[in-house]
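Below: one structure, written as structure tokens.
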Ligand code: G3H
Ligand code: 13P
Ligand code: ZN
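In our numbering, the protein residues as written are 4 to 336.
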């Protein structure tokens, strides 16, 4: 059993309370690789932002759970080396699928876990969430739960089966489970194809898809029911079209990839939404930088040659999100 406190990590409780009050959101960036971890830490240190580094089941499978945990420990030390005296870094399990997965993360040093029971019947979601909360709180680990179903990677759930969070359920759910934050469904979804072309309109000049707006009425109704309660938005990549264009003009094929417009995320960050999850945009930044690098330097084969610009591009993206979208810059301490 390793406590996250020994690793220099923090849980989300205080940072969410400050973010809700201050009208900004904490970035929750997924990581699978060392380069992503380094870029996240560099961006957080340079902008003086608290940050959530999150690990999915897929990341655990790809990188190995022990390695990721040591990487998070390394992230704290690295932030200090970069000049940040007291970094605020959360190691969070993204989309925990069972009590056992959550327990194994808590026992190995995670400071926050998500139990995603959103595809279960309501009472089963409550039961598993409550069980995780009871275990996690013994170790001062915070718990994110989810109500409502997103389309996309949440998975084996097709867009047709997604449904918005029902505001009339949130008081009962949060009271009975004791969860610390709640992910809601208001029209975001995972991945780089958040909307089907037929759900969008098309800009007549650029030909780019314009997605439908998020359901801010649902968010407002949830906020009214649970004033000041930390709300989380998953599926919040904006799928920057400049990356899609670089990828598509350098051998890639991402037709009609579309995300959540950043002004809508800015609006959400000013509300009770205090954690915004971004993964796909970092994947796009990395892929665009690597494709561009190989187009310009076909003779290169040392991974450091193409991973250096990839890491730089991800760092640029993270800084942009922190400063221009979430507003968490300067909020350390
Ligand atoms: O919620 C989905 C995240 O983007 C993680 O994706 O399961 O492919 O690592 P992944
Ligand atoms: P994106 O696919 O929009 O980046 O969402 C990531 C996410 O919600 C991770 O839980
Ligand atoms: Zn998610």
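Think of the CB as a built atom: it goes at the ideal place given N, C-alpha and C, for glycine as much as any other residue.
All values reported here derive from a predicted model rather than from experimental measurement.
{"Item": "Beta strand (DSSP E) runs contained entirely in the region 264-335, provided each spans 3 or more residues", "Value": "276-281"}
{"Item": "Pair within 9 Å by beta-carbon distance, residue 152 and residue 188", "Value": "yes"}
{"Item": "Under 9 Å between C-beta atoms of residue 287 and residue 195", "Value": "yes"}
{"Item": "Reduced DSSP secondary structure (H/G/I, E/B, other) of residue 97", "Value": "strand"}
{"Item": "Short Cβ contact (9 Å threshold) for residue 150 with residue 136", "Value": "no"}
{"Item": "Through-space distance from residue 297 to residue 23, alpha-carbon basis", "Value": "43 Å"}
{"Item": "Sequence-distant residues of the same chain with beta carbon closer than 6 Å to residue 40, five excluded per side", "Value": "34, 74 and 78"}
{"Item": "Proximity test, residue 46 beta-carbon vs ligand 2 heavy atom, cut-off 8 Å", "Value": "no"}
{"Item": "Residue range of the alpha helix (DSSP H) that includes residue 15", "Value": "Element bounds for residue 15: n/a, residue is neither H nor E."}
{"Item": "DSSP beta-bridge partners of residue 85", "Value": "Paired residues: none, contrary to the question."}
{"Item": "Simplified DSSP assignment, three categories, for residue 137", "Value": "helix"}
{"Item": "For residue 117, the first and last residue of its enclosing beta strand (DSSP E)", "Value": "115-118"}
{"Item": "Straight-line Cα distance separating residue 331 from residue 55", "Value": "12 Å"}
{"Item": "Residue 256, buried or exposed, once every other Cβ within 10 Å from all chains shown has been counted against 16", "Value": "exposed"}
{"Item": "Every unbroken alpha helix (DSSP H) within the region 148-205, with a cutoff of 4 residues, ordered by chain", "Value": "173-180"}
{"Item": "One or two residues paired with residue 56 in a DSSP bridge", "Value": "32 and 94"}
{"Item": "Cut-off 6 Å between Cβ atoms - residues of its own chain near residue 62, not counting five sequence neighbours on either side", "Value": "35"}
{"Item": "Cβ neighbour criterion (16 or more within 10 Å) applied to residue 50", "Value": "buried"}
{"Item": "Contacting residues, own chain, Cβ-Cβ under 7 Å from residue 42 (five flanking each side not counted)", "Value": "314, 317, 318 and 321"}
{"Item": "Local conformation of residue 145 per DSSP, three classes", "Value": "strand"}
{"Item": "Cβ-based neighbour list, residue 69, same chain, cut-off 8 Å, excluding 5 preceding and 5 following", "Value": "111"}
{"Item": "Option nearest residue 146 by Cα separation, candidates 72, 206 and 93", "Value": "93"}
{"Item": "Neighbour-count burial assignment, residue 157, 16 or more Cβ in a 10 Å radius", "Value": "Below a pLDDT of 50, predicted positions are generally treated as unreliable, and residue 157, at 45, falls in that range; the measurement from the model is reported next regardless. It counts as buried."}
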